[in-house]
Amino acid sequence: MTRTSSQRRQGFTLLEVLLAIALSATLLALLVAAINQFLFRVDDSRKYIEEAQVARGVLEMIAQDLRSMAVAYEQDISSAASNSEAQALFDVDETDAEPHSGSSSSDASSMTGDQTYRPYLGVSGDLLNLQVDVLRVRPVYTLAEDTEEPAVLMSIASDAITSVRYQLTEEGLVRQEVGRDQSLRADQQGLPQIWEETSRLVGPEVADLRFRYLDGLEAFEFWDLEEQQGVLPIAVEVRIGLRPASVEETSDPPLHYYRLTVALPAAQDDSQSAASDTDAGGSTQQEGGG
Numbered sequence: 003m004t005r006t007s008s009q010r011r012q013g014f015t016l017l018e019v020l021l022a023i024a025l026s027a028t029l030l031a032l033l034v035a036a037i038n039q040f041l042f043r044v045d046d047s048r049k050y051i052e053e054a055q056v057a058r059g060v061l062e063m064i065a066q067d068l069r070s071m072a073v074a075y076e077q078d079i080s081s082a083a084s085n086s087e088a089q090a091l092f093d094v095d096e097t098d099a100e101p102h103s104g105s106s107s108s109d110a111s112s113m114t115g116d117q118t119y120r121p122y123l124g125v126s127g128d129l130l131n132l133q134v135d136v137l138r139v140r141p142v143y144t145l146a147e148d149t150e151e152p153a154v155l156m157s158i159a160s161d162a163i164t165s166v167r168y169q170l171t172e173e174g175l176v177r178q179e180v181g182r183d184q185s186l187r188a189d190q191q192g193l194p195q196i197w198e199e200t201s202r203l204v205g206p207e208v209a210d211l212r213f214r215y216l217d218g219l220e221a222f223e224f225w226d227l228e229e230q231q232g233v234l235p236i237a238v239e240v241r242i243g244l245r246p247a248s249v250e251e252t253s254d255p256p257l258h259y260y261r262l263t264v265a266l267p268a269a270q271d272d273s274q275s276a277a278s279d280t281d282a283g284g285s286t287q288q289e290g291g292g
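In the working numbering, the protein residues as written are 3 to 292.
Shown next, in the form of structure tokens:
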């Protein structure tokens, strides 16, 4: 008895089985590759967002210090001391003139002798370092005597002006903050340990740091208030480079750079007040922001 054709085609051939296995393996490999690519993109996006948040935090911290810059200048009392000395030397009674003039002249001389050099307040630095004098303003809530009236919000400035310095070290971005008197003593007497004691690592991811100072016409890599006679820049450009977190330490990957330009409204207000004082016939230490 012979078999029919339908009876002979009941199973798969070896070639068909091999082709089915190959197609299944290919589809499975493509599915795994797609899942891996998706997870890689998600992880890369997460790292990019975290890096952007770190950069935003560092730039915002520097921007807050720049926006809180103190622009008040120390009063020059040399003319007042000379005037007080001249007035003390003048006396109608010649008998009483000698002791009074001697004591007054000694007081005036001690006043001028004790007078220390007070540089301008503001911002100064170079391409890699920045120093700014900061005057913090903190809100204070006071309750009125009548409970029906709402609370009164007042903003008062802190008593002390602090000097803040940013610089890049091997560990990352370092922020130093000391009182203004301490910073003057450290600079005049050569005591860098006063600054080093307040060093705080604020950006270990930062591998590059650049500052540029804008006067409205061009950008400078160096700004000295003494050379500028107290003139402040209109804006400061801050540029930081972050090392990628996913790269091994042995390699040298390209840095990811972030930039922020911080306008200094205090400098513009001070320039306007200086111009108004000049128009009124007065004298001022702050020139126009040019």
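Just so it is clear, CB atoms sit at the ideal spot from N, CA and C, and this is done for glycine as well.
Predicted model, so just to flag it, every value in this text is computed and none were measured.
What's the C-alpha gap between residue i and residue j?
i, j, result
"Thr200", "Val176", "10 angstroms"
"Leu129", "Phe42", "37 angstroms"
"Glu239", "Tyr259", "13 angstroms"
"Val166", "Gln178", "6 angstroms"
"Ile163", "Val44", "46 angstroms"
"Glu223", "Tyr215", "6 angstroms"
"Ser20", "Pro206", "The displayed chain sequence assigns Leu, not Ser, to residue 20. Distance between the alpha carbons of Leu20 and Pro206: 56 angstroms."
"Asp197", "Ala35", "The sequence shown places Trp at residue 197, rather than the Asp named in the question. Computed Cα separation, rounded: 54 angstroms."
"Pro194", "Ile37", "55 angstroms"
"Glu52", "Leu257", "15 angstroms"
With distance defined between alpha-carbon atoms, name the residue in the options nearest to residue i.
i, options, result
"Arg261", "Arg245, Asp254, Arg241", "Arg241"
"Ile64", "Asp217, Arg245, Leu234, Leu211", "Leu211"
"Leu61", "Leu16, Gln39, Pro235, Tyr168", "Tyr168"
"Val125", "Ala57, Leu227, Glu18, Thr15", "Leu227"
"Ala209", "Leu17, Phe40, Leu170, Glu18", "Leu170"
If the criterion is Cβ atoms closer than 9 angstroms, does the pair residue i and residue j meet it?
i, j, result
"Val134", "Leu203", "no"
"Ala265", "Ala221", "no"
"Phe213", "Leu132", "yes"
"Lys49", "Pro255", "no"
"Leu244", "Ala24", "no"
Looking only at its own chain, which residues have a Cβ that is under 7 angstroms from the Cβ of residue i, when we skip the five neighbours before and after it?
i, result
"Ala2", "Residue 2 cannot be examined here, being either before or after the span of the chain that is shown, 3 to 292."
"Gly127", "Gln133, Phe213, Trp225"
"Pro101", "Per-residue confidence for Pro101 stands at a pLDDT of 47, beneath the threshold of 50, marking its modelled position as unreliable; the derived number appears in the next sentence. Closer than 7 angstroms at the Cβ level, and outside the excluded window around Pro101, lies no residue."
In its own chain, which residues sit with a C-beta less than 8 angstroms from the C-beta of residue i, not counting the 5 before and 5 after it?
i, result
"Gly181", "Ala162, Ile163, Thr164, Ser165"
Might you give, ordered along the chain, the residues of its own chain that have their beta carbon closer than 6 angstroms to the beta carbon of residue i, omitting 5 neighbours on each side?
i, result
"Thr263", "Ala237, Glu239"
Minimum length 3: unbroken beta strand (DSSP E) runs contained in the stretch 159 to 229:
164 to 170, 175 to 181, 202 to 205, 208 to 216
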